[in-house]
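Have a look at the structure below before the remarks.
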Amino acid sequence: MDGYPSTPAFVMNRTLDLLAVNALAQALYSAFTPADNLARMTFLDPAGPAFYTDWERAAHAVVANLREATGFAPDNPRLREPVSTLTEHSPDFARLWQTHAVRGKTRDAKHFLHPDIGQLTRTYQAFDVREAPGRQLVVYHAEPGSPGAQSLYLLGSRHATRRRADSPHVAGQPIQRGDQRR
Numbered sequence: 001m002d003g004y005p006s007t008p009a010f011v012m013n014r015t016l017d018l019l020a021v022n023a024l025a026q027a028l029y030s031a032f033t034p035a036d037n038l039a040r041m042t043f044l045d046p047a048g049p050a051f052y053t054d055w056e057r058a059a060h061a062v063v064a065n066l067r068e069a070t071g072f073a074p075d076n077p078r079l080r081e082p083v084s085t086l087t088e089h090s091p092d093f094a095r096l097w098q099t100h101a102v103r104g105k106t107r108d109a110k111h112f113l114h115p116d117i118g119q120l121t122r123t124y125q126a127f128d129v130r131e132a133p134g135r136q137l138v139v140y141h142a143e144p145g146s147p148g149a150q151s152l153y154l155l156g157s158r159h160a161t162r163r164r165a166d167s168p169h170v171a172g173q174p175i176q177r178g179d180q181r182r
């Protein structure tokens, strides 16, 4: 996934767990604590309603994705647990779950309000990982040279600067023995 340095990319499973993220996806979802599951982030994390500027659309998509997952493994405890938790703690989720809408993640536009850089609209494409049924690689993209691409560059730069500042290897300090940084 690090082969996508200028666009957020991540792998998720049918229960919308983020299994692996590249640096730019980590930066995109930095408003969430933790950035671990798209359903939990949308419905239970306080950052969700502000982050997804079209929250209702994002919420419908999450529920429809989880409904699709029940068709593949209706008795999967890994699916029942988040659905139960979300139903119990989010009246919005419970209401949408009762609609029985089903939809897989393929290609769509997403609208975000990132706390560091403001409005972002990205189109994503989801690809099935054939060697791991139920997993998808999701890649967000912007037209090269567009304002959207520039905002992704800014997001990546800010995130890299923060990561460097948080690193124990600050400029001017000696690198400790055993450190692999060069």
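In the UniProt record's numbering, the protein residues as written are 1 to 182.
Ideal placement from N, C-alpha and C gives every residue a C-beta, glycine not left out.
**Prompt:** Between which two residues does the alpha helix (DSSP H) carrying M41 extend?
**Reply:** 38 to 43
Item checked: Cβ pair S151, L120 closer than 7 angstroms -> yes
**OP:** Rank P144, A149, T15 by C-alpha distance to the C-alpha of P77 and give the top, closest one.
**Re:** T15
- Exposure label - T7; buried when at least 16 CB within 10 Å: buried
- Who pairs with K110 in a beta bridge, going by DSSP? R122
* Asked: Quick one: Cα of W97 to Cα of E131, how far?
  -> 30 angstroms
- Task: Determine contact between the stretch 86 to 97 and the stretch 54 to 67, defined as no fewer than three beta-carbon pairs at a distance below 8 angstroms.
- Result: yes
So, with DSSP's three-state summary, where would you put Q98?
coil
Could you work out which residue in F10, E68, T106, L24 is closest to S157 when comparing CA atoms only?
L24
query = Exposed or buried, what is P144 when buried is set at 16 or more other beta-carbons lying within 10 Å of its beta-carbon?
reply = exposed
| field | G172 - DSSP class collapsed to helix/strand/coil | value | Model confidence at G172 stands at a pLDDT of 41, short of 50, so the residue's coordinates are unreliable; what they give is reported in the following sentence. Coil, per DSSP.
Looking at the unbroken beta strand (DSSP E) that takes in A9, where does it start and where does it end? 9 to 12
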